[in-house]
Amino acid sequence: MVENLLTKFLKLMSKDITDSDLELVPLGRSLGLDLISFAKLRASQEDDFVDGIRKHTLRKLAKHNEIFLHNSDSFYAGSIDFMVGGSSHGKSFFLLETNGGSNRGLSILTKKQQALMYDGYFESISQAIEKSSDKDLKILVLIGVPVDDALIHEKVIMVEYFRKKIRSLGLSLKIFNSDTYDKNHEAKIVFLISDYEHLSKALSFADTEIRYLGEKVSVLIGDGIARRLNNEKFINMIREDYRQINSTIVNPIFKITDDKSLTYLASHLIKNRLEKYNLKSLVFAKAYDEKDLIDKVTRMIKTFKKSFMIKPSGGSGGAGVMQILKNHNAMEIKKKLDESKKEFYAKFSRKRNPFPYTIQEKVNFSLINWEGFKHTFDLRLYFALNKNQIIPIGGLARIARGRYLKGLNKEEFVVNLSGYDGRIEVNRGIGLSEENGKLLNLKSTDFTNLFCIGSLMFKSMIENYNDIMQFSNWSNYLN
Numbered sequence: 168m169v170e171n172l173l174t175k176f177l178k179l180m181s182k183d184i185t186d187s188d189l190e191l192v193p194l195g196r197s198l199g200l201d202l203i204s205f206a207k208l209r210a211s212q213e214d215d216f217v218d219g220i221r222k223h224t225l226r227k228l229a230k231h232n233e234i235f236l237h238n239s240d241s242f243y244a245g246s247i248d249f250m251v252g253g254s255s256h257g258k259s260f261f262l263l264e265t266n267g268g269s270n271r272g273l274s275i276l277t278k279k280q281q282a283l284m285y286d287g288y289f290e291s292i293s294q295a296i297e298k299s300s301d302k303d304l305k306i307l308v309l310i311g312v313p314v315d316d317a318l319i320h321e322k323v324i325m326v327e328y329f330r331k332k333i334r335s336l337g338l339s340l341k342i343f344n345s346d347t348y349d350k351n352h353e354a355k356i357v358f359l360i361s362d363y364e365h366l367s368k369a370l371s372f373a374d375t376e377i378r379y380l381g382e383k384v385s386v387l388i389g390d391g392i393a394r395r396l397n398n399e400k401f402i403n404m405i406r407e408d409y410r411q412i413n414s415t416i417v418n419p420i421f422k423i424t425d426d427k428s429l430t431y432l433a434s435h436l437i438k439n440r441l442e443k444y445n446l447k448s449l450v451f452a453k454a455y456d457e458k459d460l461i462d463k464v465t466r467m468i469k470t471f472k473k474s475f476m477i478k479p480s481g482g483s484g485g486a487g488v489m490q491i492l493k494n495h496n497a498m499e500i501k502k503k504l505d506e507s508k509k510e511f512y513a514k515f516s517r518k519r520n521p522f523p524y525t526i527q528e529k530v531n532f533s534l535i536n537w538e539g540f541k542h543t544f545d546l547r548l549y550f551a552l553n554k555n556q557i558i559p560i561g562g563l564a565r566i567a568r569g570r571y572l573k574g575l576n577k578e579e580f581v582v583n584l585s586g587y588d589g590r591i592e593v594n595r596g597i598g599l600s601e602e603n604g605k606l607l608n609l610k611s612t613d614f615t616n617l618f619c620i621g622s623l624m625f626k627s628m629i630e631n632y633n634d635i636m637q638f639s640n641w642s643n644y645l646n
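What follows is the structure, encoded as structure tokens:
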């Protein structure tokens, strides 16, 4: 019988792990994964370059009194995606989407950047330890992963980082997967790693607590776990006041990061503050059903004489993202929507609803020379909690799979390294460095502005949470 990845994960975690064990190539070998391309991408990162940008970003945010959070229980780690427009004389930036606590791809960051990122995650565990310090309470930390996660090596790196920090605190620790879990454990802290399919059946919600097989969960790492908790009381608490929930979710603002229209609304509410960092506002709208989408896109094309993108709710990897051209009529819009839903269902099954859709103005983006041809690209930047502020960590540029011709083929603008058909193509990623900045036609001041925008975006989601979640005026578009 072939060992599954979670069994291999547990077997690896059952021994003392050395720094050499965590190097990407031997780590991949231990798990039956080929991580050579991950190692090459990590080697293209430049710590000194990003350290300088981080320093300038924090100084700039402090100067405008935009750096501190009032609460440190709403955000722990996340990422944000941008496209770039403008000329070499002046760049402008367009927000694509945000991602919450289910970050993937962190193994391509440098070890220093990973430590900063995982310190953000660990803050949630530290808060749970602090709450239980005067009580004889055990702390159950749940880590969710996709079924047969091809990036399981990243959980090895993360959990080992946590294990060292917990040992330094003198606390006992046990690590289980769902097959080996023992409720009668003696450890103060338990890590349980399991796939989303199992967790969706094993989780419940009662008395303001998330429970795994009846036992209280202190911390959920991966907001994908909470997303699958189909409990009306839980859903209402998340919407109205997530601080009532006595289990920490990384991150509790996942309803916003999951929904592109709400992400854009978070930007819209502070657009005057973001404009000074060169973020450009785009026209966007939300559609709740097929008729609503066709009517709104038709009206928006007529009003603005522009093309638009339609994006399903809770999608990933570009699944279901389609462009509708400014010369399309209602019948052609419906055809594009049907294509989008077919692609979405193929990835997520018909149990998952692609509505509400987000409609967003298509941007005029910059092109770069990549392997002899013109390509589109985006930037994914990572952020984490550091005490009472959100700090930039690092990131990468992701190059579109197909060369850019007329922008009509999906592969010309879908940049996700996992691809919308599931292939992982890390070779299309490049790290942040001075040399790669020249390839992208971006200066250090551009990266500073992008990092400022990202920090402020997550800050807006926290500070404007109630206004965003209660917003209902989606009868028209916003700009």
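Start counting the sequence shown at 168; every next residue gets the next number (my numbering).
We treat Cβ as the ideally placed atom computed from N, Cα and C, and that holds for glycine.
- Each of H320, N344 and H435 was checked against the Cα of D362, and the nearest Cα belongs to N344.
- The beta carbon of Y571 sits closer than 7 Å to those of L534, K541, H542, T543 and E579, all from its chain and outside the five residues before and after it, given in chain order.
- Taking each of T375, L194, L202 and V217 in turn and checking the Cα distance to T612, the smallest one comes out for V217.
- Per DSSP, reduced to three states, the secondary structure at E353 is coil, with no helix or strand assignment.
- Taking 7 Å as the cut-off, the beta carbon of G252 is found no closer than this to the beta carbon of F618.
- The continuous alpha helix (DSSP H) containing P193 extends over residues L191 to L198.
- Rounded to whole angstroms, L504 and T465 show a C-alpha spacing of 13 Å.
- Under the criterion of beta carbons closer than 8 Å, I392 and L273 do not qualify as touching, at roughly 18 Å.
- If you draw a 10 Å sphere on the C-beta of P523, you find 16 or more other C-beta atoms in it, and that means buried.
- Here T265 really is in contact with I247; their C-beta atoms are around 5 Å apart, less than 8 Å.
- For A317, the three-state secondary structure derived from DSSP is coil.
- Secondary structure of A567 (DSSP, three-state): coil.
- Annotation note: the stretch 214-275 contains the following uninterrupted beta strand (DSSP E) runs of length 3 or greater, listed N- to C-terminal: 244-254 and 257-266.
- Secondary structure of R517 (DSSP, three-state): coil.
- Boundaries of the alpha helix (DSSP H) harbouring F421: F421 to T424, taken from the DSSP string.
- Judged by DSSP secondary structure, D346 falls outside any alpha helix (DSSP H); it is assigned neither H nor E.
- Ranked by how close their Cα comes to the Cα of L552, the residues P521, K383 and Q281 have Q281 in first place.
- Following the DSSP letters along the chain, one finds R378 in no alpha helix (DSSP H) but inside the beta strand (DSSP E) bounded by residues E376 to Y379.
- Linking G482 to P521 through their CA atoms gives a straight-line distance of about 8 Å.
- One Cα belongs to N238, the other to D462, and the distance between them is close to 41 Å.
- Between the C-alpha atoms of D456 and F471 there is a straight-line separation of about 22 Å.
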